[in-house]
Amino acid sequence: MSGPQLAALRPSSADRTAAIQLRRGPNLSASYTVAGPEETHGPLGDQFDEFIEDYRLGQTTFEQAERELTVRAVHGLLRRAGLAAHEVDLFLAGDLLNQLVTVNFAARELRIPVIGLYSACASLAESLAVGALLVDGGHVRRVVCAVASHFYTAERQYRYPTELGNQRVPESQRTATGAAAFLLEAPQTGDSASDEERVAITSVTLGRVTDLGVADPNNMGAAEAPAAADTLQRHLGAVHRSQPYDRVLTGDLSAVGLPLARELLAKQNIVLGETWQDCGLLLYDQDRQAVQAGGSGAACSGLVLGARDLMDLHRGSIRDLLFVGTGALHSPVTYQQGESIPGIAHAIAFERRAGVAVE
Amino acid sequence: MIDAREYGRLVQKATPSEPLLPSTLKAFWVGGAVCTVGQAIEMYFMSTGLAAKQAAAPVAVVLVFLGVLATAAGLYDRLTGYAGMGGALPITGFANSMAAPAIEWRTEGLVLGLGARMFTVAGPVLVFGFVAAWALALVGLGLSALGLGSAS
């Protein structure tokens, strides 16, 4: 057979990143979401912590507005957690812009040690994975993970000027405008109620770049689906669970990518049914809002996770959640050079967990 | 196991397609309307005493101005979103293709931003338009050297 293949991987001790178990995995103590105008008009509109009405946020450029969104999300998170910036060990964040300008300039203002990350729309999953691993390893105790994206900055960089007339095809997706920040804290002995259940990250899967030849930058969902299937298949093959996850939440496969990912997994006899949902399809109302196939952008999964699924976990309406952030690694440069668009997906398992004994 | 070719078939089935007839009709009536407006402008200029050939330039100027105005008002992209080539193909679309990046890249300064980037969409049209015109002129020269071309 010629061409790239999606190979079934038998779980083996050699695939150490298929489902890294975190015995001292961090608690996800708090989250904070700031949403843009279109997102606020969507089904989750009244569940965001803050929203903005002006895409420019009173700034001179959209890039500055995206930075401001990020800073507001982090400040909101710190206020909610009752922390000052200097009490946070690490700021782990991603955005969609060249040189990670949003992250770096927000970090300039926050003055928290920073690691910037990029995996397109999977950046949140990547940042949660790295943060969880660092906390589990005992090196840091408090990490702020964040993502941001902005419709107009993404259009500028990846596509066309916004006033240029171009028709959007039905498989395209809308880049979400917003920022989301999450606080990871190391579990401690002496927690006031140690048998109280908290939401914790218990395992992470580090994804592999997967490319099945999709070359259409308007079809990100199709580009990402193989990576989502690869990561899900590796994770589920490596964890031994008595029951399936209450919910599986992918990042932004949307209307085209989700059925494709389901089909790819079905070929390996993995069927997840209605418990598998996708942030790209939850952020907007497909009928009322002109978003074609659904939402995308680094903030898409952040806004949905922060406003909806983490709330469900905190309330206990679900006991566990497998979040699979998905990214289409599109570059205008490589696209013009004739390359296809590879995808990547990282997975984070959240579970309600009673106090963990830590030395 | 699945290879790229099989996945490509799955993608094609899963990707929705735009029905052709409604889009074609929209492009037709909007493009036709723009051209009709152009024709009316030409008739106006001819009524002031210009010959048809002389009226071509002022007609283009007026249409380009309208295209830029509509772009600045945030309306042109909506027109092309609806009509596709009906908005993109006429000279008003060319105006939009230069005005839009000029607006977009203003924040990067007048020279390196607005000035340089104004041509990101229209550049190829200019380059290959000039090249094609030059090539055809050569062909025309060659033909008339052989006594075959028209004299005009």
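Chains as they are written, first to last, in the numbering used here: chain P, 1 to 359; chain W, 360 to 511.
Here a beta-carbon is modelled for each residue, glycine too, at the ideal position from N, C-alpha and C.
* Same chain, Cβ closer than 6 Å to S123(P), five either side skipped, listed in chain order -> For the purposes of this step, residue 123(P) is identified with residue 123 of the first sequence, where counting begins at 1. Taken in chain order, the residues that qualify are G94, L117, V147, A298.
* Which value, in whole angstroms, describes the spacing of the CA atoms of V214(P) and R364(W)? -> As a first step, residue 214(P) is located in the first sequence; it is residue number 214 there, counting from the start. As a first step, residue 364(W) is located in the second sequence; it is residue number 5 there, counting from the start. Approximately 10 Å, taken between the alpha carbons.
* To do: Would you tell me roughly how many angstroms separate the C-alpha atoms of L438(W) and G165(P), rounded to the nearest one?
  => By 1-based counting over the second sequence, the position of residue 438(W) is 79. By 1-based counting over the first sequence, the position of residue 165(P) is 165. Each residue's Cα considered, the two are about 7 Å apart.
* Please go through the stretch 74-130 of chain P and give each complete beta strand (DSSP E) segment of 3 or more residues, from N-terminal end onward. => 90-94, 114-117
* **Ordered list of beta strand (DSSP E) runs contained in the stretch 420-496 of chain W, each at least 3 residues** => none
* Give the straight-line distance between the Cα atoms of G343(P) and C394(W), rounded to the nearest whole angstrom. => As a first step, residue 343(P) must be located in the first sequence, where it is residue number 343. As a first step, residue 394(W) must be located in the second sequence, where it is residue number 35. Going from the Cα of G343(P) to the Cα of C394(W) covers about 44 Å.
* Determine which residues share a DSSP beta bridge with V418(W) and list them. => In the second sequence, counting from the first residue as 1, residue 418(W) sits at position 59. DSSP lists no partner for V418(W).
* Along chain P, which residues have their Cβ under 9 Å away from the Cβ of V389(W)? -> Mapped onto the second sequence, residue 389(W) falls at position 30. Near V389(W) there are no residues of chain P at all, since even the closest Cβ is about 11 Å away, more than 9 Å.
* Three-state secondary structure (DSSP) at E351(P)? -> Along the first sequence, read from residue 1 onward, the residue named residue 351(P) stands at position 351. Here E351(P) sits in strand by DSSP.
* Asked: Bridge partners of H150(P), per DSSP?
  -> Stepping through the first sequence from its first residue, residue 150(P) is reached at position 150. Per DSSP, none; premise fails for H150(P).
* Could you round the C-beta distance between I450(W) and A411(W) to whole angstroms and report it? I think they count as a contact, below 8 Å. => Counting from 1 along the second sequence, the entry for residue 450(W) is found at position 91. Counting from 1 along the second sequence, the entry for residue 411(W) is found at position 52. Contact flag wrong, Cβ pair sits at about 17 Å.
* To do: Give every residue of the same chain whose Cβ lies closer than 7 Å to the Cβ of S172(P), excluding the five residues on either side of it in the sequence, and list them in chain order.
  => Sequence index remark: in the first sequence, residue 172(P) carries index 172 (1-based). Answer for S172(P): N218, Q292, A293, listed in chain order.
* Same chain, Cβ closer than 6 Å to L272(P), neighbours up to 5 away in sequence not counted -> By one-based count along the first sequence, residue 272(P) stands at place 272. Once the five neighbours on either side are set aside, the close Cβ partners of L272(P) are V248.
* When the Cβ atoms of the stretch 45-63 of chain P are set against those of the stretch 301-309 of chain P, are three or more pairs found closer than 8 Å? -> yes
* Asked: Applying the criterion that 16 or more other CB atoms from any shown protein chain within 10 Å of the CB defines a buried residue, is G391(W) buried or exposed?
  -> In the second sequence, the residue the question calls residue 391(W) occupies position 32. Its Cβ having fewer than 16 others within 10 Å, G391(W) is exposed.
* When you compare each of G327(P), Y245(P), A290(P), I348(P) to A225(P) by their alpha carbons, which one comes out closest? -> Taking the first residue of the first sequence as position 1, residue 225(P) is located at position 225. It is G327(P).
* Asked: With distances taken from CA atoms, which of I115(P), D278(P), D246(P), Q268(P) is nearest V256(P)?
  -> Numbered from 1 along the first sequence, position 256 holds the residue referred to as residue 256(P). For the residues I115(P), D278(P), D246(P), Q268(P), the minimum Cα distance to V256(P) belongs to D278(P).
* **Where V140(P) meets chain W, residues with beta-carbon distance less than 8 Å** => As a working mapping, residue 140(P) is identified with position 140 in the first sequence. Simply none; closest approach about 37 Å.
* To do: Give the C-beta separation of A373(W) and A129(P) to the nearest angstrom, bearing in mind that I take them to be a contact with Cβ-Cβ under 8 Å.
  => The count along the second sequence starts at 1 and reaches residue 373(W) at position 14. The count along the first sequence starts at 1 and reaches residue 129(P) at position 129. Actually they are not in contact, since the Cβ atoms of A373(W) and A129(P) sit about 29 Å apart, beyond 8 Å.
* Under 8 Å Cβ-Cβ, which residues of chain W neighbour E171(P)? -> Counting from 1 along the first sequence, the entry for residue 171(P) is found at position 171. Residues of chain W with a Cβ closer than 8 Å to the Cβ of E171(P) are, in chain order, T374, P375.
* Asked: How many Å lie between G482(W) and Q337(P) at the Cα?
  -> The residue you call residue 482(W) lines up with position 123 of the second sequence. The residue you call residue 337(P) lines up with position 337 of the first sequence. Cα to Cα, the separation comes out at about 19 Å.
* **Neighbour flag for R168(P) against chain W, beta carbons, 9 Å** => Mapped onto the first sequence, residue 168(P) falls at position 168. Closer than 9 Å to some Cβ of chain W, the Cβ of R168(P) qualifies, so yes.
* To do: Determine which residues of the stretch 445-476 of chain W have a Cβ less than 8 Å from any Cβ of chain P, and write them out in chain order.
  => Closer than 8 Å at the C-beta level to chain P, one finds these residues of the stretch 445-476 of chain W: G446, A447, G452, N455, S456, A458, A459, P460, I462, E463, W464, T466.
* **Short CB-CB distance (under 9 Å) between G443(W) and chain P** => Walking along the second sequence from the start, residue 443(W) turns up at place 84. Interface criterion met: the Cβ of G443(W) is under 9 Å from a Cβ in chain P.
* Proximity test, Cβ basis, 9 Å: L164(P) and chain W -> For the purposes of this step, residue 164(P) is identified with residue 164 of the first sequence, where counting begins at 1. The beta carbon of L164(P) sits closer than 9 Å to some beta carbon of chain W.
* To do: State whether the stretch 60-70 of chain P contacts the stretch 149-157 of chain P, with contact taken as three or more CB pairs (one from each stretch) at a distance under 8 Å.
  => yes
* **Listed by chain order, chain W residues near T61(P) by CB distance under 7 Å** => Working through the first sequence from its first residue, we reach residue 61(P) at position 61. Within 7 Å of the CB of T61(P), the CB atoms of chain W belong to T466, in sequence order along the chain.
* Check L249(P) in the structure and name its three-state DSSP category. => Taking the first residue of the first sequence as 1, we reach residue 249(P) at position 249. The answer is strand: DSSP assigns L249(P) an E or B state.
* To do: Can you give me the Cβ contacts of P463(W) inside the same chain, cut-off strictly under 8 Å, excluding the 5 residues immediately before and after it?
  => Sequence index remark: in the second sequence, residue 463(W) carries index 104 (1-based). A quick correction: the sequence has Glu, not Pro, at residue 463(W). So the list reads R476, once near-sequence residues are dropped.
* Which term fits R79(P), buried or exposed, when burial requires 16 or more other beta carbons within 10 angstroms of its beta carbon? -> To locate residue 79(P), count along the first sequence from 1; it is residue 79. Exposed.
* **Cutoff 9 Å: Y335(P) Cβ touching any chain W Cβ** => Position 335 of the first sequence, counted from the start, is the residue given in the question as residue 335(P). No, Y335(P) does not count as interfacial toward chain W.
* For W520(W), does the count of other Cβ atoms within 10 angstroms reach 16, so buried, or fall short, so exposed? -> It is not possible to answer for residue 520(W), since the shown part of chain W is limited to 360 through 511.
* Asked: Can you give the Cα-Cα distance for A62(P) and V498(W), rounded to whole angstroms?
  -> Counted from its first residue, the first sequence places residue 62(P) at position 62. Counted from its first residue, the second sequence places residue 498(W) at position 139. Going by the sequence as given, residue 62(P) is Phe instead of Ala. Approximately 50 Å, taken between the alpha carbons.
* Measure from the C-beta of T395(W) to each C-beta in chain P and report whether the shortest distance is under 9 Å. => Residue numbering aside, residue 395(W) sits at position 36 when the second sequence is read from its first letter. Residue-level contact check: T395(W) does not touch chain P, since none of the beta carbons of chain P fall below 9 Å from its beta carbon.
* Can you give me the start and stop residues for the alpha helix (DSSP H) that E185(P) sits inside? => The count along the first sequence starts at 1 and reaches residue 185(P) at position 185. Secondary structure note for E185(P): it is in no alpha helix (DSSP H), and the uninterrupted beta strand (DSSP E) holding it is 178-185.
* Helix, strand or coil at G397(W) [DSSP, three-state] -> Here the question's residue 397(W) lines up with position 38 in the second sequence. Per DSSP, reduced to three states, the secondary structure at G397(W) is helical.
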